[in-house]
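Working notes, beginning with the structure itself.
Protein chains: 2
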Amino acid sequence: MPRISSAPVYTPKQVAILDGAVRVFLRSGYGGTSMDRVAAEAGVSKQTIYSHFQDKDGLFTAMMEHMTIRRFDGLFDAAHLPGEPADLMRQFAATFLHKLVDRDYIALLRLMIAESERFPELAKLYGRTVIQQGRTLVSTYFRAHPELGFADPEAIAHIFVGSMVSYVIAQEIFYGNELMPLSRDRLIDSLLALLLPPAQP
Amino acid sequence: MPRISSAPVYTPKQVAILDGAVRVFLRSGYGGTSMDRVAAEAGVSKQTIYSHFQDKDGLFTAMMEHMTIRRFDGLFDAAHLPGEPADLMRQFAATFLHKLVDRDYIALLRLMIAESERFPELAKLYGRTVIQQGRTLVSTYFRAHPELGFADPEAIAHIFVGSMVSYVIAQEIFYGNELMPLSRDRLIDSLLALLLPPAQP
DNA sequence: GTCTATAATCAGATAGAC
DNA sequence: GTCTATCTGATTATAGAC
Chain D
1 MPRISSAPVY
11 TPKQVAILDG
21 AVRVFLRSGY
31 GGTSMDRVAA
41 EAGVSKQTIY
51 SHFQDKDGLF
61 TAMMEHMTIR
71 RFDGLFDAAH
81 LPGEPADLMR
91 QFAATFLHKL
101 VDRDYIALLR
111 LMIAESERFP
121 ELAKLYGRTV
131 IQQGRTLVST
141 YFRAHPELGF
151 ADPEAIAHIF
161 VGSMVSYVIA
171 QEIFYGNELM
181 PLSRDRLIDS
191 LLALLLPPAQ
201 P
Chain V
202 MPRISSAPVY
212 TPKQVAILDG
222 AVRVFLRSGY
232 GGTSMDRVAA
242 EAGVSKQTIY
252 SHFQDKDGLF
262 TAMMEHMTIR
272 RFDGLFDAAH
282 LPGEPADLMR
292 QFAATFLHKL
302 VDRDYIALLR
312 LMIAESERFP
322 ELAKLYGRTV
332 IQQGRTLVST
342 YFRAHPELGF
352 ADPEAIAHIF
362 VGSMVSYVIA
372 QEIFYGNELM
382 PLSRDRLIDS
392 LLALLLPPAQ
402 P
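Those protein sequences? They're chains D and V, same order as listed. Counting from 1, one number per residue, gives the positions in the first sequence under the working numbering. Counting from 202, one number per residue, gives the positions in the second sequence under the working numbering.
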């Protein structure tokens, strides 16, 4: 089965460099990361990095692609299970939110947004791998269940996925948990109440 | 009427510096901005900037606060109009989306997210001024209209506001407009269809 | 292939004249 | 208060030995 993006194959030393780069870039951002720091974190010399990756941009790009593909490859595979829409959608939402509310995931999202103008190809890769894949999966499911009565499955899919993404941004990045708490369960309950109103007898 | 945040008063020269800082920071980010560039853009010398603002961090903080307060002060004031919920909510959504889909607004949002870890007080200011204010306004409206039948008005308010915020992020920052077009009208139509299902006779 | 040492550049911050 | 000129440290990238 062909994938949207294919992951490059890396040698163990390259993986060590990438892992060090992940730790530093995700914590300090692009501008706040020095190649010396990456070298120290990866346990290699700086020249070794330059011999495997073209320059700082090349290392950053490789690391971000690596993370995006690794983290989301297969994320949506388990969602084709049978079952009642209410159960399936609740489980999908809970799994998706659980993946999103994660230190590394949030740092990756923040960095993708931060550098989306300087690295548009990275932003597009992320758009295809995460956002488009999620939205397409959900809208395909909605299309297969016309009894749900959605006139525009893609727009509904965006609302479903997008309110979870914005939840993470509001609560985790903009410190909403301190200012205006809102539990994941409350979000999921209200989402399902909107999408699956109780059937009329 | 007291406001959540009070805007500092700046002299004309300080405003000129801040305006130059806005242009450079929003375009190039924090790390990509040099004080020399800001000085050139503002038409003053670098030392003049340092005499008015403590250092690069201080200038950045002042500029971001300035933008946040200027841009959103009064944004939500006109939303207390009477009218049918369907009309009012459609107009609110259209106005809100129109404000959000704007070059400067998107650049500010991107920069806030990018620097939210290094400048947590800025992120909290943004959370209070934009996100919390929007969510509170909408949930207050929902509470005043119990006939809408929302069990958890705050969660519904998040879904309403959050799907618009994530729409901007997906379509404008992650190049969704090229990969998976979705017009504002389709989003608003589906949002209102979910929130305001046709009344049963 | 990998390391140590170094070159060249750049940016934040300041000194001192006017 | 504002400007020109400068200092200092950090950073990217490379040269050359092993």
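For every residue, glycine included, the Cβ atom is placed at its ideal position computed from N, Cα and C.
In the structure shown, what three-state DSSP assignment does residue i receive?
i	result
residue 122 of chain D	helix
residue 204 of chain V	Here residue 204 of chain V scores only 46 on pLDDT, less than 50, and its place in the model should not be relied on; the value that follows carries that caveat. In this structure, residue 204 of chain V counts as coil in the three-state DSSP scheme.
residue 236 of chain V	helix
residue 220 of chain V	helix
residue 55 of chain D	coil
residue 30 of chain D	coil
residue 67 of chain D	helix
residue 150 of chain D	coil
residue 164 of chain D	helix
residue 288 of chain V	helix
residue 105 of chain D	helix
residue 112 of chain D	helix
residue 117 of chain D	coil
residue 12 of chain D	helix
residue 73 of chain D	coil
residue 342 of chain V	helix
residue 376 of chain V	coil
residue 391 of chain V	helix
residue 195 of chain D	helix
residue 43 of chain D	coil
residue 301 of chain V	helix
Report the neighbours of residue i on chain V: residues whose CB is nearer than 9 Å to its CB, in chain order.
i	result
residue 133 of chain D	Here the premise fails: no neighbours, minimum Cβ distance about 10 Å.
residue 203 of chain D	Residue coverage of chain D in this structure runs from 1 to 201, which leaves residue 203 of chain D outside it and unanswerable.
residue 151 of chain D	390, 391, 394
Work out the CA separation of residue j and residue i for me, nearest whole Å.
i	j	result
residue 218 of chain D	residue 67 of chain D	Outside the displayed span of chain D (1 to 201) sits residue 218 of chain D, for which this structure offers no information.
residue 339 of chain V	residue 358 of chain V	6 Å
residue 244 of chain V	residue 238 of chain V	10 Å
residue 87 of chain D	residue 223 of chain V	48 Å
residue 125 of chain D	residue 72 of chain D	12 Å
residue 377 of chain V	residue 211 of chain V	39 Å
residue 343 of chain V	residue 109 of chain D	31 Å
residue 191 of chain D	residue 391 of chain V	14 Å
residue 127 of chain D	residue 303 of chain V	20 Å
residue 111 of chain D	residue 26 of chain D	7 Å
residue 193 of chain D	residue 348 of chain V	16 Å
residue 215 of chain V	residue 14 of chain D	49 Å
residue 50 of chain D	residue 20 of chain D	14 Å
residue 204 of chain V	residue 331 of chain V	In this predicted model, residue 204 of chain V has a pLDDT of only 46, less than 50, meaning its place in the structure is not dependable; the value taken from the coordinates is given anyway. Each residue's Cα considered, the two are about 13 Å apart.
residue 1 of chain D	residue 318 of chain V	Low confidence applies here, because residue 1 of chain D scores a pLDDT of 41, under 50, leaving its location unreliable and the question unanswered by this model.
residue 242 of chain V	residue 55 of chain D	30 Å
residue 261 of chain V	residue 354 of chain V	36 Å
residue 374 of chain V	residue 160 of chain D	19 Å
Given that residue i touches chain D, what residues does it touch there, using C-beta distances under 7 Å?
i	result
residue 355 of chain V	182
For residue i, go through chain D and note every residue whose CB falls closer than 9 Å to its CB, in chain order.
i	result
residue 405 of chain V	A question about residue 405 of chain V goes unanswered here, because the residues of chain V that appear run from 202 up to 402.
residue 284 of chain V	Per Cβ cutoff of 9 Å: no residues; residue 284 of chain V is ~22 Å from chain D at best.
Show which residues of chain V have a CB atom less than 7 Å away from the CB atom of residue i.
i	result
residue 145 of chain D	In chain order: nothing, as chain V lies at least about 16 Å away.
Q. Listed from N- to C-terminal order along the chain, which residues in the stretch 380 to 401 of chain V have their beta-carbon within a distance smaller than 8 Å of any beta-carbon of chain D?
A. The stretch 380 to 401 of chain V vs chain D, Cβ under 8 Å: 380, 381, 383, 387, 388, 390, 391, 392, 394, 395, 396, 398, 401.
Q. What residues in the stretch 315 to 332 of chain V have a beta carbon less than 9 Å from any beta carbon of chain D?
A. 315, 316, 317, 318, 319, 321, 324, 325, 327, 328, 329, 331, 332
Q. Just by C-beta distance, which residues in the stretch 10 to 41 of chain D are closer than 8 Å to chain V?
A. 29, 30, 31, 32
Q: Check distances from the C-beta atoms of the stretch 164 to 176 of chain D to those of chain V and list, in chain order, the residues that come in under 8 Å.
A: 165, 166, 167, 169, 170, 173, 174, 175, 176
Q: Residues of the stretch 43 to 77 of chain D with a CB closer than 8 Å to any CB of chain V: list them in chain order, please.
A: none
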